[in-house]
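Everything below concerns the one structure shown next.
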């Protein structure tokens, strides 16, 4: 039984095998993939040595997709087919997108669920599919570089991502054929990269200034439990604004402002960015421009640049103060400040943030890579490569979950900052005689009115037997898993009739849609798919068999009768036989069967583990007393 | 399966109102290390599902027992008394009158120009009262005969009022910024 092996530190069922797992930072501007190799977490480059993959996808034709720098070049000349910053559309409805308040250069079309599809030359693409195309490139890069199949990935999401956005991210991974070990919040990943999870307790501020977005999060660490206390920032502030400030100044200096063309504007932005990068290491930069066919050269000093961006940097500093206040803390409470995002290389940013807290900052890890590196460290642990690792990142739910009740009010079922996973049930009844259906509307947010919260899903529970008002008992169960993803079930209890339904968020893809998309992506490689499926089933079977055999050696004596043991062993032999064949479906069934017959043994071991965990405590406590 | 045990035996704690909260936290962390889905991330669906169930149960158990009111309600629940949805216990008029007065006090404090200090003192008063109820509950519950359980139930009702008042004070505090 596989679940049993981890209870025995140091006894991996397959000690010789290092399981390949990666951490993926799926960013708004750039994405990265990282892994732990020879004990060190590193990001993986492409063939040309580039680690950052611009999060840009261009659909060139029906069946040609280009991702990354090559796609970014076409961002303005082929804007309809070149999708940038797709992360901002994840888990959002067409109405949300319209409310962004800026003109996106895409043509949208709405599906039944209100999800925005982008019209491209390759057909209508959902944000989930576009993200999947980015993920596929990263996974391919990793598999080529590591020379093997991945067992899974940890994918990072912003701490404030709601259920719909997390679900969309997970769907993208499913579509890219990735086994998601965990969705991890970005600030937590950054803190892990710096090994802050090893500390006993403390308050950590994560300052993340990217190209176009600014996020700041306050985390509290208590003996391995990371809790996001508050998040804030500005979704329209980033390093690009620094470039713009400098470009505008350049235009004024050179008189280019009066003769502005699109090409000149691009040139100015480009040069401004280069100058900004130069000024991180030097006190002066020289900018050469071509204006009206003439060479113009301008010198800019660091002091000048600092002056231009000072207002912007101060804005981020104020946001830090606000978030700390929201968390109910003061500046002195913050013990660690982690800097994330390429724009934190700008010296003025570091100076101002360090001055705010009066402490040195964590800047040793490349700020572009730090999130991916943290994710890789956790992926390595979750893949089972470090059975002795104590690391455990416990998470809380960032926003409350509730149901619509009479009068357009939201009744909270699970409050924000509740430790996850969590399951909670609430009972409701009918309010009319003979009522046979009940509408369930699930919302996320802190406000009291339905219209102020995010609508996650609606469904109707049908088939309630007609009864007098108040006689039916409907139990609605919310379950949130370790990734912060929600499942809702509704059951009618009074008559024993149970109707239950699994809910996917509005603006998400249905499981059927995902299956169809997966199938479509396979159709060109049907044979590969079958081979892959067979291989996966064999791996599953091996995993179950070896873990179960080991479990029997360790605990069979204590937990199984002679008959039970004999039965299990003969079932194991049966699966071994099936596994030797090449019928993938048969093996799958065999795995299910063996899992089922060993369920009871698994439960007993789980209980034994609980007792051991508690006993370990008592012994420790006794030792402390004596 | 352990998941059907009551919260106290699940966590290896004596079934009593006075529990060692530090021991509770320590056991929580120990069990998380054994049960959390991250420990099963590389394993099969069946194991992951089991782990989610166990951990959700653990979280629920610890959240309930950590809360002074939740713990009291749970102990009564184990003795067949439902105080969460059943509010049929009658409270003496003196108590209800006192509650009205406390709420009036809160309204008065809200109307002050800078109510921070008064609010802090008011919170201390309410918390102090709640602590007294907790002690009273503990004393009653330890006897565990029908009469004392009935008294304990009434005390829980009173605790519910005070906890609600605490939440209202917190709301006012949040609005001050």
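Residue numbers (UniProt numbering), protein chains in the order written: chain G, 1 to 626; chain S, 1 to 177.
Ideal placement from N, C-alpha and C gives every residue a C-beta, glycine not left out.
Note that the structure is predicted; figures quoted are calculated from it, not measured.
Asked	Found
Mind reading off the beta-carbon distance from residue 259/G to residue 292/G? Whole number of angstroms is fine, and I expect it under 8 Å.	7 Å
Along chain G, which residues have their Cβ under 8 Å away from the Cβ of residue 128/S?	Simply none; closest approach about 22 Å.
What are the residues that DSSP puts in a beta bridge with residue 412/G?	402/G
Which of helix, strand or coil does DSSP assign to residue 62/G?	coil
With DSSP run on the structure shown, which of helix, strand or coil describes residue 339/G?	strand
What are the complete beta strand (DSSP E) segments, minimum 3 residues, inside the segment 189-247 of chain G?	201-209, 214-222 and 225-234
Return the CA-CA distance between residue 15/G and residue 594/G, expressed in angstroms with no decimal places.	Confidence in residue 15/G is poor, its pLDDT being 46 and thus under 50, which makes the residue's placement unreliable; the coordinate value appears in the next sentence. Between residue 15/G and residue 594/G, the C-alpha separation is close to 23 Å.
Considering residue 306/G, what are the terminal residues of the alpha helix (DSSP H) in which it resides?	302-326
So what does residue 291/G bridge to, in DSSP terms?	294/G
Does any residue of chain G bring its CB to less than 8 Å from the CB of residue 38/S?	yes
Taking the alpha helix (DSSP H) that residue 174/G belongs to, which residues open and close that run?	163-175
Please list the terminal residues of the continuous alpha helix (DSSP H) segment that includes residue 128/S.	116-143
Just to confirm before moving on: does the CB-CB distance between residue 219/G and residue 229/G stay below 8 Å?	yes
When you compare only the Cα positions, how much space is there between residue 200/G and residue 222/G?	6 Å
Given residue 164/S, which residues of its chain have a CB within under 8 Å of its CB, disregarding the five upstream and five downstream residues?	none
Could you check the C-alpha separation between residue 628/G and residue 483/G for me, to the nearest Å?	It is not possible to answer for residue 628/G, since the shown part of chain G is limited to 1 through 626.
Quick check: the segment 293-313 of chain G against the segment 330-337 of chain G, are at least 3 beta-carbon pairs closer than 8 Å?	no
Is there contact here, the segment 70-84 of chain S with the segment 147-155 of chain S, by at least three beta-carbon pairs under 8 Å?	yes
Using only CA atoms, which one of 533/G, 512/G and 449/G lies nearest to residue 406/G?	449/G
Compare the C-beta of residue 606/G with all C-beta atoms of chain S and state if any pair is closer than 8 Å.	yes
Mind checking whether residue 21/G and residue 382/G have CB atoms under 8 Å apart?	yes
Do residue 197/G and residue 391/G count as a contact pair if the criterion is CB distance below 8 Å?	yes
Name, please, each residue of chain S whose Cβ falls closer than 8 Å to the Cβ of residue 641/G.	No information on residue 641/G is available, as it lies outside the stretch 1 to 626 that chain G covers here.
May I ask which residues mark the beginning and end of the alpha helix (DSSP H) holding residue 373/G?	370-382
List, in order along the chain, the chain G residues whose C-beta lies closer than 9 Å to that of residue 77/S?	Neighbours of residue 77/S on chain G: none; closest Cβ ~15 Å, over 9 Å.
On the CB-based measure, 16 or more other CB atoms within 10 Å of its CB, does residue 121/G come out buried or exposed?	exposed
Please confirm if residue 181/S has its CB atom under 8 Å from at least one CB of chain G.	One cannot answer for residue 181/S here, as it falls past the ends of chain S, which runs 1 to 177.
Closer than 8 Å by beta-carbon distance: list the chain S residues that pair up with residue 19/G, in chain order.	42
Indicate whether at least one CB of chain G lies closer than 8 Å to the CB of residue 46/S.	yes
Should residue 27/S be flagged as near chain G, meaning a C-beta pair shorter than 8 Å?	yes
Taking only beta-carbon positions, decide if residue 380/G is within less than 8 Å of chain S.	no
For my contact list, residue 552/G and residue 574/G are in at a C-beta cut-off of 8 Å; report their separation, rounded to the angstrom.	The pair is not a contact, with the Cβ atoms about 15 Å apart (cut-off 8 Å).
By DSSP, does residue 492/G sit in helix, in strand, or in coil?	strand
Helix, strand or coil, according to DSSP, for residue 626/G in the structure here?	Any reading at residue 626/G must be qualified, since the residue scores a pLDDT of 36, below 50, and its modelled position is unreliable; no value is offered.
Do three or more CB pairs link the segment 79-93 of chain G to the segment 45-65 of chain G at distances below 8 Å?	yes
Answer with yes or no whether the minimum CB distance from residue 479/G to chain S is below 8 Å.	yes
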